[in-house]
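Since the structure comes first, as structure tokens, the remarks are kept for the end.
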Amino acid sequence: MRRAAWILFAVVLMLREPSAQGSPDISGFWELSFDSRHVPTASLAPAVTPAVLAKQADQDGSAIRWCNFLGLPMAMDSPRPINIRQGRREIVINFETVATPRHLYFRSAHANMDVFDPTSNGDSIARWEGDTLVVDTIGFDGAKGVTAIPGGGYRTSDSHLIERYRLMSGGTVLSVTFTWEDPRVFRTPHSYEFRYVRAPRLYEAQPPLACNPFDEARAAFLEVP
Amino acid sequence: MRIARVITLLSLAFATTLAAQQQPAASVPDLEGGWVRVDVEGSGNFTGLAAKFPRAVLTPAAQAAAAEQAKRAAQPRFDFARDPSRPKGAGEGYVVTDGNCSLPGGVEPNSAAFHVVQSQEQVLIVRENPGLPRTIYMDGRAHPDLSRWTPTAVGHSTGRYEAGALVVETIGLTSGNVTAGGWRAPETRLTERYRVSPDGRRLTIAYTWADPKIYVKPHTYEIVAERTPPGSWAFESWCDSSDPSQRLSIVPPPQNK
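Written as structure tokens, this is what we have:
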């Protein structure tokens, strides 16, 4: 009996790590490589006609032309490393591109959508399911940023995104599965996976590449039909 | 009796486990979350926030650089704002920006909330509006050689925890103005000390600027921020350069005769 008690006591002591250390830590600079994307073709809803897609593409083109904050999902497809920092109450993801940071709050409920101003990144809440971080996002603004979703379709104000983050290969790879739900856009939930590679330990964050909406040569380049 | 001792032992262990999960280590301040700068002096406006700060004592060379910068800043930045003192008519906006949404950011908070996250190897401070984040390396790395560094508005920062405070050292900043009459160059060293009040609700950041070429003595002041309420979230300060109203601040409406 006494031995069992001491074993139990030792187990409890081993668990005495703060919660952030008790779960995997996905902090780091993470980058995509040429073979990092597994993107099936989305099954689009009947209402998503070629005309609708063309209109959406025009909206996205304007957002790029005017250096708008990209928002999701494009910010997560950055050509530069993304900086993920895991704290005790939230995870912040910062981008070296024209995008506002993401805040993934360890909370059980979303913000009250009656008072939440929709954003290009939405309202994200996170929880651990074993070694997988599950992030649930709503509260998007379909009129802000670049809305195109890899594989087809686009983000609207009604979109619901579920992401699953999981470390692989001894922590050198971060798998993120994105699943978009939006009956107006998709027949069935649309999922794809990115596998980010951990950047070298001494990587230094860089300022984002400049984006000047008043650069006429750039504008002409982007507006060529 | 033995069972009672075991239960007591386990209860204590669980209690301490829970406590450890709720609180960070004692020497590590809990900075995580949103913060908003507060006007502790009752200044009532942005300019007044620094009115009572000790003024920087600059070397003659730094005084000349700061005066040159002040001269440039006095020039209207845009053709359509040549006469900012002239009252504007109805529908004619007071132009305050060129519509470009890119802002350089800086080491001090601005009017928007700022958000701190503390990971093991890095403290990250991000704003709600455009501007570079503060990336503070806690992994023991050294500052880069400035001959191989492109100065930025946030420079290169390393940090450590010391006596319950986060201490941040920064170099590699772009040349420019510093609060309360100061000046800075890439070689200037900024030391910040982030201290949280015992109730966790207030954050005091002490800034000390040191550079023998610029300051006769180190230039020091403090700002205070208040923690955003539990359950609040970061805003997104949206900016669209294609929106003409983005270039205007106040547009006087038609007046009743």
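Protein sequences, first through last, are from chains A and B. Heads up: the first sequence runs through residues 203 to 427, numbered per the numbering used here. Heads up: the second sequence runs through residues 10 to 266, numbered per the numbering used here. Here a beta-carbon is modelled for each residue, glycine too, at the ideal position from N, C-alpha and C. Keep in mind it's a predicted model, so treat the numbers as computed, not measured.
Residue interval of the beta strand (DSSP E) (run including residue i)
i                           : result
alanine 219 (chain B)       : 211 to 219
alanine 234 (chain B)       : 228 to 236
glutamate 365 (chain A)     : 362 to 370
glutamine 264 (chain B)     : Per DSSP, glutamine 264 (chain B) belongs to no beta strand (DSSP E) and is neither H nor E.
arginine 198 (chain B)      : 198 to 205
valine 231 (chain A)        : Correcting the residue identity first, residue 231 (chain A) is phenylalanine in this sequence and not valine. It spans 230 to 233 - the beta strand (DSSP E) in which phenylalanine 231 (chain A) sits, taken as one unbroken run.
serine 393 (chain A)        : 392 to 400
phenylalanine 380 (chain A) : 375 to 383
tyrosine 307 (chain A)      : 304 to 307
serine 326 (chain A)        : 325 to 331
glutamate 298 (chain A)     : Here glutamate 298 (chain A) belongs to no beta strand (DSSP E), and DSSP marks it neither H nor E.
tryptophan 192 (chain B)    : 191 to 193
Beta carbon proximity, residue i to chain A, threshold 8 Å
i                        : result
threonine 179 (chain B)  : no
threonine 197 (chain B)  : no
asparagine 109 (chain B) : yes
glutamate 130 (chain B)  : yes
leucine 182 (chain B)    : no
alanine 90 (chain B)     : For alanine 90 (chain B), the predicted structure reports a pLDDT of 48, less than 50, and the residue's modelled location is therefore unreliable. The matter cannot be settled from this model.
glutamine 127 (chain B)  : yes
proline 142 (chain B)    : yes
proline 263 (chain B)    : no
glycine 173 (chain B)    : no
glutamate 41 (chain B)   : yes
arginine 193 (chain B)   : no
serine 254 (chain B)     : no
serine 250 (chain B)     : yes
glutamate 77 (chain B)   : no
alanine 151 (chain B)    : no
methionine 10 (chain B)  : Low confidence applies here, because methionine 10 (chain B) scores a pLDDT of 49, under 50, leaving its location unreliable; read the following figure in that light. No, its Cβ sits nowhere closer than 8 Å to a Cβ of chain A.
alanine 243 (chain B)    : yes
valine 116 (chain B)     : no
valine 1 (chain B)       : Absent from the structure is residue 1 (chain B), since the part of chain B shown begins at 10 and ends at 266.
threonine 161 (chain B)  : yes
Residue i: first and last residue of the uninterrupted alpha helix (DSSP H) it sits in
i                       : result
glutamine 258 (chain A) : 252 to 267
glutamate 425 (chain A) : 418 to 425
arginine 81 (chain B)   : 69 to 83
Rounded distance between the beta-carbons of residue j and residue i, thought under 8 Å
i                           : j                       : result
threonine 358 (chain A)     : glycine 344 (chain A)   : 4 Å
glutamate 41 (chain B)      : glutamine 127 (chain B) : 5 Å
leucine 404 (chain A)       : arginine 150 (chain B)  : 6 Å
isoleucine 232 (chain B)    : glutamate 117 (chain B) : 7 Å
phenylalanine 380 (chain A) : leucine 363 (chain A)   : 7 Å
aspartate 333 (chain A)     : glutamine 288 (chain A) : Not quite, the Cβ-Cβ distance comes to about 13 Å (not below 8 Å), so this is no contact.
leucine 175 (chain B)       : valine 135 (chain B)    : 16 Å between Cβ atoms; not a contact.
Check whether residue i and residue j have beta carbons under 8 Å apart
i                        : j                           : result
glutamate 365 (chain A)  : valine 337 (chain A)        : yes
leucine 272 (chain A)    : threonine 299 (chain A)     : yes
glycine 190 (chain B)    : arginine 64 (chain B)       : yes
serine 250 (chain B)     : tryptophan 268 (chain A)    : yes
tryptophan 44 (chain B)  : threonine 179 (chain B)     : no
glycine 108 (chain B)    : proline 261 (chain B)       : no
tyrosine 367 (chain A)   : leucine 335 (chain A)       : yes
glycine 430 (chain A)    : asparagine 270 (chain A)    : Since the first and last residues shown for chain A are 203 and 427, residue 430 (chain A) lies out of range.
proline 139 (chain B)    : leucine 182 (chain B)       : no
tryptophan 232 (chain A) : isoleucine 286 (chain A)    : yes
isoleucine 145 (chain B) : threonine 161 (chain B)     : no
leucine 306 (chain A)    : serine 280 (chain A)        : no
glutamate 137 (chain B)  : phenylalanine 244 (chain B) : yes
Residue-chain proximity (residue i, chain B), Cβ-Cβ < 8 Å
i                           : result
glutamine 258 (chain A)     : no
glutamine 261 (chain A)     : no
phenylalanine 416 (chain A) : yes
aspartate 325 (chain A)     : yes
serine 322 (chain A)        : yes
glutamate 292 (chain A)     : yes
glycine 332 (chain A)       : no
leucine 404 (chain A)       : yes
proline 409 (chain A)       : yes
tyrosine 307 (chain A)      : yes
serine 359 (chain A)        : no
alanine 247 (chain A)       : no
isoleucine 209 (chain A)    : Reliability of the predicted coordinates at isoleucine 209 (chain A) is poor, the pLDDT of 48 falling under 50, and the value obtained from them is presented with this limitation in mind. So no, isoleucine 209 (chain A) is outside the interface.
arginine 420 (chain A)      : no
arginine 287 (chain A)      : yes
serine 264 (chain A)        : yes
Near the ligand ADP: residue i beta-carbon under 7 Å from a heavy atom
i                       : result
glutamate 171 (chain B) : Among the components of this structure there are no ligands whatsoever, and the ligand ADP is therefore not found.
Any beta strand (DSSP E) of 3 or more consecutive residues that is wholly inside the segment 116 to 160 of chain B: 123 to 127, 131 to 136 and 143 to 146
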